[in-house]
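Peer 1:
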Amino acid sequence: MAQIERFFAVAHKDIKSELRTRYAITAMALFILTTISMIVFATVGEKFNPELAAGVLWIIMFFTAMTGLAKSFVSEEERGTGLLLQLSTSPTSVYFGKLFFTTCLSIVLNAAAIFLFFIFTGLEVRNWLIFGIMELLGSIGLAASTTIISAIISKAGTKNALFPVLAFPLLLPLILAGVETTILSFVGAEWAEAQGDIILMVCYSFVVIASSMLLFEFVWVE
């Protein structure tokens, strides 16, 4: 019970801090608006096919994550509060608290990006169940990977350069499965056709979270 309370305390601290500073929200929201505006102006009058639309959508989701999700641990080092967090709670509580915050941020901002993308492009989703599951699992997978990478790079001198370099190879399986699932949702595929990619996305998130949980104490303490 105490562990759960500490986990929620870490998540609550991060949510309050973000609502006060709005650093990640502002950076990611501006990136979403800028990117979608550029896509709309560059493709005016053009019709997106499902393959192109899925690829562009996942590019937006990936770079949105690169813009703001690294701050979960980097901000602790920048403010000098990392040591205090280490002394006040367990590594497991810190990891899951940060993961919960990053997942919530990822889900909300990806939903906003998708909403704006649909408004400006006029795309139609023919299987909302597959699409909704894709958005949820994609956001969880992005959050799971970026949380542990943020912890790894938090003490590095070149954080901004390291983050996407480390993130892309780790996220590539998720992106490939996510793009394929998105295409299937656009063309109105049946559940059975998307089941394999959805299972892959579930397994990806499970493996990343389980591995991160085992490795986090060494990364965080050292």
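Under the working numbering, think of the first position of the sequence shown as 1, with each following residue one higher. A virtual CB, placed ideally from N, CA and C, is assigned to each residue, including glycine.
Could you name the residues of the same chain whose beta carbon sits closer than 7 Å to that of valine 94, not counting the 5 residues immediately before and after it, in chain order?
Peer 2: Cβ within range, chain order: Val10, Leu85 and Trp220.
Peer 1: Could you tell me which of Ser212, Ala53 and Ala194 sits nearest to leucine 123, measuring between CA atoms?
Peer 2: Among Ser212, Ala53 and Ala194, the Cα nearest to that of leucine 123 belongs to Ala53.
Peer 1: Measure the alpha-carbon distance for alanine 143 versus isoleucine 133 and round it to whole angstroms.
Peer 2: Going from the Cα of alanine 143 to the Cα of isoleucine 133 covers about 15 Å.
Peer 1: Who are the near neighbours of leucine 166 in its chain, counting only those whose CB is closer than 6 Å to its CB and skipping five residues on each side?
Peer 2: Ile149, listed in sequence order.
Peer 1: Output the distance between the C-alpha atoms of glutamate 18 and alanine 70, rounded to the nearest integer angstrom.
Peer 2: Their backbone Cα atoms lie some 13 Å apart in a straight line.
Peer 1: Look up glutamate 217 in the DSSP assignment and say whether it is helix, strand or coil.
Peer 2: In this structure, glutamate 217 counts as helix in the three-state DSSP scheme.
Peer 1: Return the CA-CA distance between phenylalanine 100 and valine 187, expressed in angstroms with no decimal places.
Peer 2: The alpha-carbon atoms of phenylalanine 100 and valine 187 are separated by roughly 32 Å.
Peer 1: Where does threonine 43 sit, in a helix, a strand or coil, going by DSSP?
Peer 2: Threonine 43 falls in the coil class under three-state DSSP.
Peer 1: With a floor of 3 residues, list each beta strand (DSSP E) that falls wholly inside the region 136–186, ordered by position along the chain.
Peer 2: For the region 136–186, not a single whole beta strand (DSSP E) run of length 3 or above is found.
Peer 1: Kindly list the residues whose CB is nearer than 6 Å to the CB of glycine 68, restricted to its own chain and excluding five residues on each side of it in sequence; keep chain order.
Peer 2: If we look at glycine 68 and ignore the five residues flanking it on each side, its Cβ neighbours are Ala24, Ala27 and Met28.
Peer 1: Check whether the region 177–195 touches the region 127–141, taking contact to mean three or more Cβ pairs, one atom from each stretch, closer than 8 Å.
Peer 2: Enough Cβ pairs lie closer than 8 Å, so yes.
Peer 1: In whole angstroms, what separates the C-alpha of isoleucine 119 from that of valine 108?
Peer 2: For isoleucine 119 and valine 108, the distance between alpha carbons rounds to 17 Å.
Peer 1: Roughly how many angstroms separate the alpha carbons of glutamate 51 and glutamate 193, rounded to a whole number?
Peer 2: Computed Cα separation, rounded: 16 Å.
Peer 1: If you compare alpha carbons, which of Leu184, Phe131 and Tyr204 is closest to leucine 174?
Peer 2: Out of Leu184, Phe131 and Tyr204, Tyr204 has the C-alpha closest to the C-alpha of leucine 174.
Peer 1: Should glutamate 135 be labelled buried (16 or more other beta-carbon atoms within 10 Å of its own) or exposed?
Peer 2: Classification for glutamate 135: buried.
Peer 1: For glycine 188, which of helix, strand or coil comes out of DSSP?
Peer 2: Three-state result, glycine 188: coil.
Peer 1: Could you spell out the range, first to last residue, of the alpha helix (DSSP H) harbouring asparagine 110?
Peer 2: Unbroken alpha helix (DSSP H) run through asparagine 110: 91–121.
Peer 1: DSSP on alanine 70, reduced to helix/strand/coil?
Peer 2: Of the three classes helix, strand and coil, the one that applies to alanine 70 here is coil, per DSSP.
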